[in-house]
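First up is the structure itself, then whatever we jot down about it.
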Amino acid sequence: MIMKYQFQTAQDLLKLTSKFHLPISEITKLYESERSGKSISTIRLKMKTTRDVMYEAVKKGIKSKRTTQWTHSGGDAHKLYQKLKSLGDMMGNKVTVRAMAYAMAVSEQNAMMGKIVAFPTAGGAGVIPGVLFSCAEHFHAGKRKLLRGLFTSSAVGMIIANGATLSAAKGGCQAEVGAAVAMASAGLTEMRSGTPEQCFDAAAIGLKSYLGLVCDPLGGLVEVPCIKRNAIGSMAAIGASDMAIAGIKSKVPFDQVVSAMNNIAKGMSPKVRETALGGLATTEIGNDIKRKLGLPIIKEK
Ligand code: SF4
1 MIMKYQFQTA
11 QDLLKLTSKF
21 HLPISEITKL
31 YESERSGKSI
41 STIRLKMKTT
51 RDVMYEAVKK
61 GIKSKRTTQW
71 THSGGDAHKL
81 YQKLKSLGDM
91 MGNKVTVRAM
101 AYAMAVSEQN
111 AMMGKIVAFP
121 TAGGAGVIPG
131 VLFSCAEHFH
141 AGKRKLLRGL
151 FTSSAVGMII
161 ANGATLSAAK
171 GGCQAEVGAA
181 VAMASAGLTE
191 MRSGTPEQCF
201 DAAAIGLKSY
211 LGLVCDPLGG
221 LVEVPCIKRN
231 AIGSMAAIGA
241 SDMAIAGIKS
251 KVPFDQVVSA
261 MNNIAKGMSP
271 KVRETALGGL
281 ATTEIGNDIK
291 RKLGLPIIKE
301 K
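In this text, residue positions in the sequence shown follow this note's numbering: the first is 1, and each later residue adds one.
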């Protein structure tokens with residue numbers, strides 16, 4: 001069956017947006033409808049559910065002072081959110097501090113086995129709600145605009161999955177937090193009425209900054225450095241979107257960044273691909289945690 005709206009790469013998608021004079025979010029919806037055989041209203045409803053689950057995780061996370069079972073994380077989203085009452089001793093503004101708080105809120109919920117949306121993965125689940133919800137509050141965006149951001153983000157995620165990977169076991173943290181940053185950068189840019197080209201410039205700038213990032217969680221638990229990486233990733237995505245909106249282009253087109261990511265993934269040591277056998281996982285503190293968990297200790301020179 002020939003599909004009118006099918007795309008595998010950013011280049012394909014840009015051609016479709018120009019052919020049909022539609023934004024990325026609309027083409028994505030049409031493609032999903034064509035691919036799945038479901039109506040546009042069903043696809044939209046599904047994304048609304050996704051948005052609502054994300055929002056619940058944010059709301060729960062910013063209130064929670066609980067720590068995880070092993071007490072390696074928890075309560076930091078709440079601390080940061082409290083700072084929004086008076087930003088006096090913060091260098092970030094309301095949008096960025098709130099984005100970090102929201103990103104941490106979702107990631108802390110994930111660490112506590114709360115309900116989150118693995119968008120694109122559980123480890124990188126904080127970045128997109130952090131960025132999109134905080135920025136939507138800033139420009140009083142309605143729920144429809146937020147959905148546009150989510151559809152555009154999902155298109156970028158699909159392109160990364162096609163051309164590289166969204167699995168940390170294959171590509172390290174560039175495939176989790178890095179992919180989430182690229183997705184959020186593009187989603188936010190469309191919410192700001194950026195052109196499809198600007199969305200991909202933002203995604204390319206975001207992803208380029210995360211190429212080669214390893215996966216090295218302490219004790220193999222998705223807590224440290226994962227939660228704070230999501231917070232920092234949300235600031236990176238806002239920065240990438242700002243650059244694209246200012247008219248700054250990525251020298252390397254998005255598809256080529258994805259291809260570079262894939263090549264880096266292939267050459268990445270298995271020690272830093274979700275095995276907790278290298279990087280931060282084998283620091284002194286990393287090994288202390290492993291001992292408590294009864295995991296074998298790796299001493300690196
Ligand atoms: S360090 Fe590994 S487990 Fe943690 S967010 Fe990154 S990819 Fe996921």
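Note that the Cβ used here is the ideal one computed from N, Cα and C, for glycine as well.
Set against 6 Å, the gap from the CB of GLU176 to the closest heavy atom of the ligand SF4 is smaller. Counting C-beta atoms within 10 angstroms of its own C-beta, ASN287 has 16 or more neighbours from the protein chains shown and is therefore classed as buried. The Cβ-Cβ distance between VAL181 and VAL106 does not fall below 7 Å. Across the set LEU22, VAL214, LEU280 and GLN109, the C-alpha of GLN109 shows the shortest separation from the C-alpha of THR68.
Look at ARG229 here: in three-state DSSP terms it is helix. Placement of the Cβ of VAL222 at a distance of less than 6 Å from at least one heavy atom of the ligand SF4 is found. Secondary-structure assignment with DSSP links ARG273 through a beta bridge to CYS215.
ASP255 sits in a helix when the DSSP states are folded into three classes.
Counting of Cβ neighbours within 10 angstroms places LYS29 among the buried residues, the total reaching 16 or more. Of the candidates ALA281, ILE238, SER250 and HIS72, the residue whose Cα lies closest to the Cα of ALA99 is ILE238. Just measuring C-alpha positions, the residue of SER39, SER154 and SER269 sitting nearest ALA168 is SER269. By the Cβ neighbour-count rule, GLN8 is exposed, with fewer than 16 other Cβ atoms within 10 Å of its own. Closest by C-alpha distance to ILE2, out of TYR31, ASP255 and THR17, is TYR31. GLY149 is positioned such that its CB atom lies closer than 7 Å to that of GLY187. Two segments are said to touch when three or more pairs of C-beta atoms, one from each, lie closer than 8 Å; by this definition the segment 240-248 does not touch the segment 112-122. In this structure, the CA atom of ARG192 is about 20 Å from the CA atom of TYR55.
DSSP places MET91 outside both helix and strand once states are collapsed to three, so it counts as coil.
In the displayed model, PRO120 falls within coil according to three-state DSSP, outside both helix and strand.
Distance from the CA atom of SER259 to the CA atom of GLN6, rounded to whole angstroms, is 20 Å. With the rule of 3 Cβ pairs closer than 8 Å, the segment 69-84 counts as touching the segment 223-235. Counting the other CB atoms within 10 Å of its CB gives PRO129 a total of 16 or more, which places it among the buried residues. Taking every protein chain shown into account, the CB of ILE289 has 16 or more other CB atoms within 10 angstroms, so this residue is buried. Remark: fewer than three beta-carbon pairs, one from each stretch, lie closer than 8 Å, so the segment 229-238 and the segment 261-279 are not flagged as touching.
Here TYR55 carries a helix assignment [DSSP, helix/strand/coil]. Taking LYS249 as the centre and dropping the five residues before and after it, the same chain places the C-beta of ASP201 closer than 7 Å to its C-beta, in chain order.
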